[in-house]
Amino acid sequence: MIQKLEAKGIMLDDIWLWDDGSDHDGVTKIYVQGGPEGIHFFYFDYVKSGKRKEGSIHGYLDCGYTQTFEINHLLNEHLESVDAYYDEKSFAMQALQFKTNFRTSEMMGYVFNCTKFTLAVEGKKIIGFHGSGERRRQIFSLGAYFTSTTPNRLEARGGMGGKKWDDGSDNENVSKIEVLGGVEGIKYIKFDYVKSGQLKCGLIHGVSGDGFTQTFEINYLNEEYLVYVEGYYDDATEVIQGIQFKTNINRSVMMGYKKGRKFSLANKGNKIIGFHGYAEESLNSLGAYFTTATPNKLECQADHFDTDYFWDDGCIYDGIRKVYVDVGNYDIACIRCEYDNGGKVENTQYRCVVENEKEFVLDYPNEFITSVEGTFKEVTDHRDPTWIKSLVFKTSKGRTSPTFGEVSTGGKFVLEKKGSALVGFYGWYCGFTLSALGAYYRPFPPTPDSEKLEAQGGDGGDSWDDGATFNGVRNIYIGVTENGVCFVKFMYLKSSRMVFGDDHGNKNLLAEVKEFKLEYPFEYVTSVEGNYDDESGVISMLRFKTNKQMSPDFGVTTTSNFVLQKDDHKIVGFHGKSGNMLHQIGVHVLPNDF
Numbered sequence: 001m002i003q004k005l006e007a008k009g010i011m012l013d014d015i016w017l018w019d020d021g022s023d024h025d026g027v028t029k030i031y032v033q034g035g036p037e038g039i040h041f042f043y044f045d046y047v048k049s050g051k052r053k054e055g056s057i058h059g060y061l062d063c064g065y066t067q068t069f070e071i072n073h074l075l076n077e078h079l080e081s082v083d084a085y086y087d088e089k090s091f092a093m094q095a096l097q098f099k100t101n102f103r104t105s106e107m108m109g110y111v112f113n114c115t116k117f118t119l120a121v122e123g124k125k126i127i128g129f130h131g132s133g134e135r136r137r138q139i140f141s142l143g144a145y146f147t148s149t150t151p152n153r154l155e156a157r158g159g160m161g162g163k164k165w166d167d168g169s170d171n172e173n174v175s176k177i178e179v180l181g182g183v184e185g186i187k188y189i190k191f192d193y194v195k196s197g198q199l200k201c202g203l204i205h206g207v208s209g210d211g212f213t214q215t216f217e218i219n220y221l222n223e224e225y226l227v228y229v230e231g232y233y234d235d236a237t238e239v240i241q242g243i244q245f246k247t248n249i250n251r252s253v254m255m256g257y258k259k260g261r262k263f264s265l266a267n268k269g270n271k272i273i274g275f276h277g278y279a280e281e282s283l284n285s286l287g288a289y290f291t292t293a294t295p296n297k298l299e300c301q302a303d304h305f306d307t308d309y310f311w312d313d314g315c316i317y318d319g320i321r322k323v324y325v326d327v328g329n330y331d332i333a334c335i336r337c338e339y340d341n342g343g344k345v346e347n348t349q350y351r352c353v354v355e356n357e358k359e360f361v362l363d364y365p366n367e368f369i370t371s372v373e374g375t376f377k378e379v380t381d382h383r384d385p386t387w388i389k390s391l392v393f394k395t396s397k398g399r400t401s402p403t404f405g406e407v408s409t410g411g412k413f414v415l416e417k418k419g420s421a422l423v424g425f426y427g428w429y430c431g432f433t434l435s436a437l438g439a440y441y442r443p444f445p446p447t448p449d450s451e452k453l454e455a456q457g458g459d460g461g462d463s464w465d466d467g468a469t470f471n472g473v474r475n476i477y478i479g480v481t482e483n484g485v486c487f488v489k490f491m492y493l494k495s496s497r498m499v500f501g502d503d504h505g506n507k508n509l510l511a512e513v514k515e516f517k518l519e520y521p522f523e524y525v526t527s528v529e530g531n532y533d534d535e536s537g538v539i540s541m542l543r544f545k546t547n548k549q550m551s552p553d554f555g556v557t558t559t560s561n562f563v564l565q566k567d568d569h570k571i572v573g574f575h576g577k578s579g580n581m582l583h584q585i586g587v588h589v590l591p592n593d594f
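So in UniProt numbering the end of the sequence shown lands on 594, straight run, no missing numbers.
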């Protein structure tokens, strides 16, 4: 249901009203122009059914500063609130600051001697704006449309069979998990939830009986929530054998037995608010509902004034690859990072004139920043500004960076959360120095085991294996003769670096090697279809399917065929057998969420 918050600010009788409406899925970009006299104009781009929709300009064009703020709806980022500041004497809107579920924009405008109001509704996102002003003059007021966020549903994983059950997605948190297990596997599972601030007892999924009972409680009052489920199921009985849960703070024991085929439920650190699945005499499969969690934030250390410049990288990134620190004569001038965003490298902007920048490189994704230690200037008068004098970074591999800056006796701080990685920074600048620093953290990401699907094809050739240490497949090179496929080679991505696999087969038999390109990281291989000749044992045709397209047929179709795939998994490596021709091909797979 859409909720309209009435416009706030200066309300006059003879004013111009404007309304962008509420027929949008979210806000994707914000444009603001202003000057000393206040906000000149702003407009909003929206997203509807995955497509960008340009908004209309509200206000007037003039000379001044222009600021923008982009919201990445592809990563489930959405606008949660707006802080607005207006001048009661001039009536004009003076400044705006926007907050998403991942970060806060810089202040757009000036806040001196202003009155502030906030547009926000707990648990909802902004999908449209309306307001008032004087036509082709200042903006006087601002209101917004809100709607509930839609949880992401991850389909049930495990064995087939059983009756469908669904606890729903209208909960705020999971408070307790109860599991009854036995020799045959998990007999039942039960979840208790928090809804509208009240505890809600869940239903049993499966049947009661003899066995062992284990429970896992989540301290939701201390902002603990579920982020990951790992389970194992038996192919023959199609019953889940063991299950383990991980929160942003803690993890349960393995409830049951770690045997059978492994599966996992995860959604980039998002929060689990409900479960569904199939069960009858036992628990057959399990799925989950995810929603964006409130950012895990370590408060800023050191002091800052209201006049300092605020910046916020947010917690939208997967991790930090590199830290740049600009060291002044006796203090820290600024800090910026090279982040990983779904396999893409993104550098934050320069925030000051860089004169003596130094860097600290991490072995991402195998290494994370776990803590930052710093010191700040000794202050004898509370009216004097403080700023950070030194910084040291520590990692999950036990490494410690050099000391950036000069250690001070004025005071020490540490940004750290046990069992978590720092994934983003925010803070304040004062003049040419870093005056305060805070961080976002996330529990260490689970590292799922890859699964090796058996190679298919005929007899012959020597075994080869590119391995399963890659993030995905970027390019596929393939050569075909009249006798079948004689050559394959794969380009992989590992930590955003291109890695070529070995040549498999004989490229010398070819006049041309064909290439199939993927748009990594947005595209990945989901299956391989093929044919092979029973007599020669040579693979005669291969076809690759991605989450976006189907490749051409490489070769000629014959009678014996095969398919290599696993539901909700992506292919991250290949293995097989080859001589002068390709005889077999198999794959390594990982869950789509990793």
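All residues carry an ideal CB built from backbone N, CA and C; glycine is no exception.
Checklist entry - Three-state secondary structure (DSSP) at LYS397? => result Secondary structure at LYS397: coil, using DSSP grouped into helix, strand and coil.
Checklist entry - Are there three or more Cβ pairs, one per stretch, closer than 8 Å when the region 466-474 is compared with the region 485-500? => result They touch, by the three-pair rule.
Item to check | Same chain only: Cβ atoms within 8 Å of GLY555, ignoring 5 sequence neighbours per side | outcome: Once the five neighbours on either side are set aside, the close Cβ partners of GLY555 are VAL480, GLY484, VAL485, ASN531, ILE539, SER540, MET541 and LEU542.
Item to check | Collapsed DSSP secondary structure at TYR65 in the structure displayed | outcome: Strand.
Checklist entry - Under 6 Å from any heavy atom of the ligand SAM, does the C-beta of GLY211 make it? => result The model on display carries no ligand, and the ligand SAM is accordingly not part of it.
Item to check | Inter-residue CB distance, THR375 and VAL407 (contact presumed, cutoff 8 Å) | outcome: Their Cβ separation, rounded to whole angstroms, is 5 Å, which keeps THR375 and VAL407 in contact under 8 Å.
Checklist entry - Can the beta-carbon of VAL174 be found less than 7 Å from the beta-carbon of ILE189? => result Their beta carbons are not under 7 Å apart, which means VAL174 does not touch ILE189 by this criterion.
Next on the checklist: Pop quiz: SER132 and LYS8 are said to be a contact at Cβ under 8 Å. What is the actual Cβ separation, rounded to whole angstroms?
Outcome noted: So it is not a contact: roughly 10 Å between Cβ atoms.
Item to check | Beta-bridge partners of LEU119, as assigned by DSSP | outcome: Per DSSP, VAL82.
Item to check | Neighbour-count burial assignment, ASP20, 16 or more Cβ in a 10 Å radius | outcome: Looking at its Cβ environment, which holds 16 or more other Cβ atoms inside 10 Å, ASP20 is buried.
Checklist entry - Exposed or buried, which one is PRO591 when buried takes at least 16 other CB atoms within 10 Å? => result With 16 or more Cβ atoms within 10 Å of its Cβ, PRO591 is classed as buried.
Checklist entry - Hey, out of LEU391, SER401, GLU378 and GLU373, whose CA is closest to GLU367's CA? => result If we check each option's Cα against that of GLU367, SER401 comes out closest.
Item to check | Nearest-angstrom beta carbon gap, VAL488 and GLY505 [assumed within contact, 8 Å] | outcome: Indeed they touch by this definition, with Cβ atoms about 6 Å apart.
Checklist entry - For TYR317, which residues from the same chain have a beta carbon less than 8 Å from its beta carbon, with the 5 sequence-adjacent residues on both sides left out? => result For TYR317, where only same-chain residues beyond five positions count, the Cβ hits under 8 Å are TYR339, ASP340, ASN341, GLU346, VAL423 and GLY424.
Checklist entry - VAL111 lies in the beta strand (DSSP E); which residues open and close that run? => result Neither: VAL111 is in no beta strand (DSSP E) and is coded neither H nor E.
Next on the checklist: Quick check on the burial criterion: 16 or more other C-beta atoms within 10 angstroms. Buried or exposed for ARG336?
Outcome noted: By the neighbour-count rule (16 or more Cβ atoms within 10 Å), ARG336 is buried.
Item to check | Rounded straight-line distance, which links the Cα of ARG153 to that of LYS262 | outcome: Rounded to whole angstroms, LYS262 to ARG153 spans 20 Å at the Cα level.
Checklist entry - Which one of ASN329, LYS377 and ASP312 has the shortest CA to CA distance from TYR350? => result If we check each option's Cα against that of TYR350, ASP312 comes out closest.
Checklist entry - Can you tell which of TYR257, CYS352 and ILE478 has the C-alpha that lies nearest to the C-alpha of MET581? => result For MET581, the nearest C-alpha among the options comes from ILE478.
Checklist entry - So, are the CB atoms of GLY34 and GLY59 less than 7 Å apart? => result The answer is no: Cβ separation not under 7 Å.
Next on the checklist: Out of THR294, GLN244, GLU37 and GLY328, which one is the CA nearest neighbour of LYS99?
Outcome noted: The shortest C-alpha separation from LYS99 is found at THR294.
Checklist entry - Got a sec? Which residues, its chain only, sit under 6 Å from LYS200 by beta carbon, not counting five neighbours each side? => result Non-local C-beta neighbours of LYS200 in its own chain, meaning closer than 6 Å and more than five positions away in sequence, comprise TYR193, ordered along the chain.
Checklist entry - GLY505 CB to nearest chain B CB: under 7 Å? => result Here there is only one protein chain, and chain B is not present.
Checklist entry - Just to confirm, are residue 602 and GLY260 a CB contact at a threshold of 7 Å? => result Missing from the structure shown is residue 602; the chain here goes from 1 to 594 and no further.
Item to check | DSSP-derived helix/strand/coil call for ASN508 | outcome: Of the three classes helix, strand and coil, the one that applies to ASN508 here is helix, per DSSP.
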